[in-house]
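Report on the following structure.
In the numbering used here, the protein residues as written are 228 to 326.
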């Protein structure tokens with residue numbers, strides 16, 4: 228019986244390093260694969276992935292910043308309180324006595 232090889236897991240740092248080195252083009256994909264112990268096809272995939280994802284690095288740098296998740300409920304509760312006060316005031320002014 229043959230022993231089954233365990234699947235190798237590479238860190239994101241290694242993937243980025245290998246992919247960027249492939250983009251630079253100083254060494255061939257085969258040389259990079261041998262240096263890092265990665266199949267040349269995998270090096271090419273990481274290079275392609277970096278090239279495709281590079282444009283997203285600079286998206287969304289301007290514009291409004293997202294609200295903090297912990298402040299959102301506070302804002303909603305304050306809005307509810309404000310609307311309830313307005314409704315009570317309108318009911319009082321119109322003479323309605325609804326609960």
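Even glycine gets a Cβ: it sits at the ideal position worked out from N, Cα and C.
In this text the structure is predicted, and so the values were computed from the model without any measurement.
For residue 321, the enclosing alpha helix (DSSP H) covers residues 299 to 321. Here residue 259 is not near residue 278, since their CB atoms are 8 Å or more apart.
With contacts defined by Cβ atoms closer than 8 Å, residue 254 and residue 273 do not form a contacting pair. Given a length threshold of 4 residues, each whole run of the alpha helix (DSSP H) inside the stretch 233 to 275 is given here in chain order: 239 to 251 and 256 to 263. In the displayed model, residue 230 falls within coil according to three-state DSSP, outside both helix and strand. Relative to residue 237, the option among 264, 248 and 247 whose CA is nearest is 264.
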